[in-house]
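Structure first, then comments.
Chains as they are written, first to last, in the working numbering: chain A, 1 to 311; chain B, 1001 to 1288.
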């Protein structure tokens, strides 16, 4: 063990504690270091010449006494520092109790946070705010998770909407007038219905435009609410079939399937029976299946081309 | 002599310094360990600072009220949720800046007395323009209940991978069931002699017997159906049990037209009033 080293480290600590008194660290430390060095030199000097020893016997005793005192104090300071740690150690059993209560509460909090996150899978989730509540409505169509919208409600009499991200063509005013004041749940579920249906219609129209552009003989005409679609299509992309004009009207805004389907054809001649049949079956398809699925079935049928239909 | 005195002075100085060190109170950081338990300062790594137990408790309280609100709003009580994520991005995809992640979710809870366990997978594909999230698999386990209508509905929801519809319809279905139970129970209590619930309060049938004329019975069948699109609708029907003799006397064929009249009455009076009027029809105790 390097005596000097350990002394130095003690002195460092001393210096640190002393520096809180406003004394400059460098000053005290340097001072102590100097004393140390001085002391060592003095000790060496004392130990060498025998002559000097006799002279300072009284002094020598004093020195010894002082040394003993100093060593004692050094040990005491050391003990104090260790002692504080010991007292910390003594508190530890209680500390572990608090730690485990804290751990329990923390785990509970993490669990709660996760569950709150999971509510988005029910379609409705939200957060409490200082004013009331901010509800988040999630939309989906056929397993595809689509856009979310929010409604920030202020809990006051009367209940009012502070802020929202509902598109302007959704009849929010109408729905609020009917339900907001009497039944928040009904209000939100109704909004859910409209928004999910809108999201679904939009998804179908988007998919038609992106995936089946080859079947369209012109641009897809659509309104913002996606409840009126008009397009000209062919059963085979760039094939020999007649182009049909389809007009899909979704009168019921809570549905993703059209209520009215009109299929006409651009042409002057009367349609042959087979084409008439096809027209009728298409109308039925559009009424009962999502738009992009209808075209998927066209694509599949196209793979087995019936030559008899080509006039 | 000088050396000795010098040493004495040095020692004295050191002793003085040491004495001061002994009087110095220990550093505050170490002292906190002996402090009060309720204000235990512990380092909270995610909140980025020191958080007391008090803060933790109040935050928990806030989260609990949020949970209460959501469970009241949706009618669904989620008790457990866990999620695992798997990165399916290949090196080819990374080059095209496409990211593919598969999430596995596990969720369990209850809606009134019905418990459910869901496991579903969501595939997330992120490319330069957009992010697509698709539910690729949905498995629903329901605690076996007396509600047979549910099993068909559950298979449909799984097939369509329609998570939202599952929860929404489940909520409405359970609400209707509870309403039916309450209504039947109410009538049973009000007219204990006339009303019979063959399968108990959760049954879908309520029998009304005439106390004065044995042999006459009306059975109201109240089914709760979940349609293709997830719409929950009550469907009520009337079955009549009339002795043959009475049937012969029934010139106006009231018995035959009863089921139809029942439906009309429902539309006019609503469920409760219709049931009450039927019971009053047969029961003398009601007419007392």
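Using N, Cα and C, we set each Cβ at its ideal position, and we do this for glycine too.
None of the values given here were measured: they were computed from a predicted structure.
Closest by C-alpha distance to residue i, when choosing among the options
i: residue 1103 of chain B; options: B:1091, B:1086 and B:1003; result: B:1086
i: residue 161 of chain A; options: A:168, A:153 and A:167; result: A:153
i: residue 1279 of chain B; options: B:1234, B:1243 and B:1212; result: B:1212
i: residue 950 of chain B; options: A:117, A:247 and A:184; result: Coverage of chain B is limited to positions 1001 through 1288, which leaves residue 950 of chain B absent and any answer about it impossible.
i: residue 175 of chain A; options: A:124, A:187 and A:264; result: A:187
i: residue 108 of chain A; options: B:1115, B:1081 and B:1112; result: B:1081
i: residue 1095 of chain B; options: B:1070, B:1122, B:1127 and B:1113; result: B:1127
i: residue 1052 of chain B; options: A:72, A:102 and A:64; result: A:102
i: residue 1161 of chain B; options: B:1150, B:1168, B:1138 and B:1180; result: B:1138
i: residue 150 of chain A; options: A:142, A:66 and A:133; result: A:133
Chain B within 7 Å of residue i, Cβ atoms only
i: residue 154 of chain A; result: no
i: residue 128 of chain A; result: yes
i: residue 264 of chain A; result: no
i: residue 170 of chain A; result: no
i: residue 77 of chain A; result: yes
i: residue 109 of chain A; result: yes
i: residue 70 of chain A; result: yes
i: residue 298 of chain A; result: no
i: residue 144 of chain A; result: yes
i: residue 59 of chain A; result: yes
i: residue 259 of chain A; result: no
Interface flag, residue i vs chain A, CB-CB below 7 Å
i: residue 1016 of chain B; result: no
i: residue 1258 of chain B; result: no
i: residue 1022 of chain B; result: yes
i: residue 1167 of chain B; result: yes
i: residue 1133 of chain B; result: yes
i: residue 1247 of chain B; result: no
i: residue 1116 of chain B; result: no
i: residue 1154 of chain B; result: no
i: residue 1173 of chain B; result: no
i: residue 1164 of chain B; result: yes
i: residue 1078 of chain B; result: yes
Helix, strand or coil at residue i [DSSP, three-state]
i: residue 106 of chain A; result: helix
i: residue 1055 of chain B; result: helix
i: residue 70 of chain A; result: helix
i: residue 1033 of chain B; result: Here the model assigns residue 1033 of chain B a pLDDT of 42, short of 50, so the residue's position is not dependable, and the following value carries that caveat. Here residue 1033 of chain B sits in helix by DSSP.
i: residue 1283 of chain B; result: coil
i: residue 79 of chain A; result: helix
i: residue 262 of chain A; result: strand
i: residue 1213 of chain B; result: coil
i: residue 224 of chain A; result: coil
i: residue 296 of chain A; result: helix
i: residue 1014 of chain B; result: helix
i: residue 1075 of chain B; result: coil
i: residue 1198 of chain B; result: coil
Whole-angstrom distance between residue j and residue i, CA atom to CA atom
i: residue 236 of chain A; j: residue 257 of chain A; result: 23 Å
i: residue 1158 of chain B; j: residue 1259 of chain B; result: 36 Å
i: residue 220 of chain A; j: residue 245 of chain A; result: 11 Å
i: residue 1077 of chain B; j: residue 199 of chain A; result: 26 Å
i: residue 1221 of chain B; j: residue 1142 of chain B; result: 25 Å
i: residue 172 of chain A; j: residue 192 of chain A; result: 11 Å
i: residue 1228 of chain B; j: residue 196 of chain A; result: 16 Å
i: residue 1013 of chain B; j: residue 62 of chain A; result: 14 Å
i: residue 1093 of chain B; j: residue 1099 of chain B; result: 7 Å
i: residue 58 of chain A; j: residue 77 of chain A; result: 28 Å
i: residue 1262 of chain B; j: residue 1146 of chain B; result: 26 Å
i: residue 223 of chain A; j: residue 209 of chain A; result: 14 Å
i: residue 1173 of chain B; j: residue 1068 of chain B; result: 21 Å
i: residue 1275 of chain B; j: residue 1267 of chain B; result: 12 Å
i: residue 1132 of chain B; j: residue 1120 of chain B; result: 16 Å
i: residue 24 of chain A; j: residue 127 of chain A; result: Note that residue 24 of chain A has pLDDT 44, beneath the 50 cutoff, so the model's placement of it is unreliable and no number is given.
Residue interval of the alpha helix (DSSP H) (run including residue i)
i: residue 204 of chain A; result: 184-211
i: residue 1174 of chain B; result: 1163-1190
i: residue 1259 of chain B; result: 1254-1269
i: residue 286 of chain A; result: 273-288
i: residue 150 of chain A; result: Careful: residue 150 of chain A lies outside any alpha helix (DSSP H), inside the beta strand (DSSP E) at 144-154.
i: residue 1157 of chain B; result: 1149-1160
i: residue 1091 of chain B; result: 1091-1095
i: residue 1244 of chain B; result: 1244-1249
i: residue 172 of chain A; result: 172-175
Unbroken beta strand (DSSP E) run spanning residue i, endpoints
i: residue 1117 of chain B; result: 1114-1126
i: residue 1110 of chain B; result: 1099-1111
i: residue 129 of chain A; result: Unbroken run through residue 129 of chain A: none, as it is neither H nor E.
i: residue 1088 of chain B; result: From DSSP, residue 1088 of chain B is part of no beta strand (DSSP E); its letter is neither H nor E.
i: residue 1235 of chain B; result: 1232-1241
i: residue 1134 of chain B; result: 1131-1142
Proximity test, residue i beta-carbon vs the ligand HEM heavy atom, cut-off 6 Å
i: residue 1264 of chain B; result: Absence of the ligand HEM from the depicted structure is noted, as is the absence of any ligand whatsoever, leaving it without description.
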